[in-house]
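In the UniProt record's numbering, the protein residues as written are 1 to 584.
Each remark here refers to the structure printed beneath this line.
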């Protein structure tokens, strides 16, 4: 079997680095004509810092520029002459397309004198051209493939040693000869490539008594066939069979390791990894351990950020279905018109844009395992009725289908809302509530288990030390006092976000007050006086409102990112924005 030469691993440079390295002047604008990128050469030409150019309109520097025409009609302008203050330039202007729509345009221009200098240098440097030709010949000879090229008259113009060896000759002995003379055959050679311009890949042929697998490609110049290239990929068919066998073996190994990886991921969360020694919290964990070994439906209640998803994972991991899949659905995050197809799947043609062959839903994907319905209190009433049928009948129907499909799943639901209140308001079905409320786990909020705070801080510091590669030893006494006095509306997730934020601004090995978010620093300044005057509920509201405002400011008003930063759902954020009358 021939030795195959692999490609060396390379570091792929960033796109911005590539553009910055171009020798020409490059500027890109958005649909509004505002500069979104410019090369260092362009900034030097305008004698301005790059950061001062970004966001400004292109016409400030090039009044009446045809680049705006490209934005309108989408027609590239290539090889145009441009007269500027220091000479004549060659310019290319092209539109930037995305999903069939013009989203911007790019202009690249270079001084014609520079281009002419390059042409002159290439024209005069024949020695360099010969050097490159010799280098190309060496590269071809190093290839393990047999390579041959012929011109339109079937004369061999290039061949490497591996190809010439099929005929027990050297490349010098066959280059310049007619390919029919070398092959010793009268039947057509390179028939499709030379006559029709069609490439042939992986064809089985005979080369001087050797059964080979090769590729034949036409060489085209200015729209005309000027020759053909032949590449012998396998000198013997047995090489291919050996390679197929090796690939199958490697695929078998890959499947094994993928299975092992899935097994590790399935056991990622267990009850031992849920941090807490508080008596009330330990009692909930102990109940969950016992429930895990049953197949009963579980309803997990608790405020946002208390760890409901961790409990759901642990129930699956330590349960009888641990070898099956764990599928999560956030009922608040999926739009109402997509939730049915998300949960139950759809058949081909069920709606415009439906994938060919249809698609299984989350319940089918969870077959034999567990499905976790997070934020179930936000599920629309129409979907609640269909979910109730699944719980009763143990079968689903894909959207657009009439055939029921049996599913065997364990359902774990979670919510931060009071479902009994929702029932009273007509927003949650009472019959569904009793179906999912077989076993209830009520996770206490962090403010009710403050004796776990120090343990949680220690856990997160170990975690972030590994993640950030730092050696933080702990928090200062002042910081611990602030953390102990905070009401923690975002619970454990808020604590995790606070400490992660501190790591991003840390300048030592101990987390100080200055490393905390602004709303906690202010709470620390106000201290007990503020609590005494305002009362605990008012203090909680003020802290929560400040936290939301700070998150919105940090994400420049992006509500999805702000919700992630706060550790709450997007629907939860919108409710709080309405409650605190925060606009935007």
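Note that beta-carbon positions come from the ideal geometry of N, C-alpha and C, so glycine has one too.
Predicted, not measured: the structure shown is a model, and the values here were computed from it.
The C-alpha of residue 579 is placed about 15 Å away from the C-alpha of residue 559.
Look at residue 72 here: in three-state DSSP terms it is helix.
The C-beta of residue 296 has fewer than 16 other C-beta atoms within 10 Å across all chains shown, which makes the residue exposed. As summarised for the segment 338-393, the continuous beta strand (DSSP E) elements at least 3 residues long and confined to that stretch are 370-374, given in chain order.
When DSSP reads this structure, residue 215 sits in a beta bridge with 231. Within 10 angstroms of the beta-carbon of residue 37 lie 16 or more other beta-carbons, which makes it buried. In chain order, 276 place their CB closer than 8 Å to the CB of residue 282, counting only its own chain and leaving out the 5 sequence neighbours on each side. Between the segment 395-405 and the segment 417-429, the count of Cβ pairs shorter than 8 Å is below three; the stretches do not touch. DSSP places residue 106 within a strand segment (E or B) once states are collapsed to three.
If the five residues before and after residue 199 are omitted, its C-beta is found closer than 6 Å to the C-beta atoms of 217, all from its own chain and listed in chain order. Its Cα nearest to that of residue 108, the residue 19 stands out among 15, 195 and 19.
As computed with DSSP, residue 210 is found in a beta bridge with 207. If you draw a straight line from the Cα of residue 56 to the Cα of residue 30, it comes to about 11 Å.
Collapsing the DSSP output to three states places residue 407 in coil. In the three-state reduction of the DSSP assignment, residue 572 falls in the helix class. In terms of Cα proximity to residue 469, the closest of 486, 334 and 500 is 500. Rounded to the nearest angstrom, the gap between the Cα atoms of residue 17 and residue 102 is 24 Å. Assignment of residue 564 by DSSP, reduced to helix, strand and coil, places it in the helix class. Per DSSP, residue 330 is one residue of the beta strand (DSSP E) stretching across 326-330.
Following the DSSP letters along the chain, one finds residue 77 inside the beta strand (DSSP E) bounded by residues 77-84. As computed with DSSP, residue 95 is found in a beta bridge with 105. Separation of residue 509 and residue 555 (C-alpha to C-alpha, rounded to the nearest whole angstrom) is 27 Å. If you compare the alpha carbons of 47, 67 and 63 with that of residue 27, the shortest gap goes to 67.
Under the DSSP assignment, residue 146 falls in the beta strand (DSSP E) whose first and last residues are 146-151. Under the three-state reduction of DSSP output, residue 540 falls in the helix class.
A residue is called buried when at least 16 other Cβ atoms come within 10 angstroms of its Cβ; residue 453 meets this threshold and is buried. DSSP places residue 175 in the coil class of the three-state scheme, outside both helix and strand. In this structure, DSSP gives residue 582 a state outside helix and strand, which the three-state scheme calls coil. One thing to note: residue 388 has its Cβ within 8 Å of the Cβ of residue 432.
Taking 4 residues as the shortest admissible run, the segment 34-71 contains the following complete alpha helix (DSSP H) segments, listed from N- to C-terminal end: 40-46 and 50-53.
Between residue 569 and residue 563, the CB-CB gap stays under 8 Å. The DSSP-derived three-state label of residue 556 is coil. Residue 413 has 299 and 373 as its beta-bridge partners, per DSSP. Of the other Cβ atoms in all chains shown, 16 or more fall within 10 Å of the Cβ of residue 341; this residue is therefore buried. With contacts defined as CB atoms closer than 8 Å, residue 167 and residue 228 fail to qualify as a contacting pair. In the structure shown, residue 100 adopts coil according to DSSP, grouped into three states.
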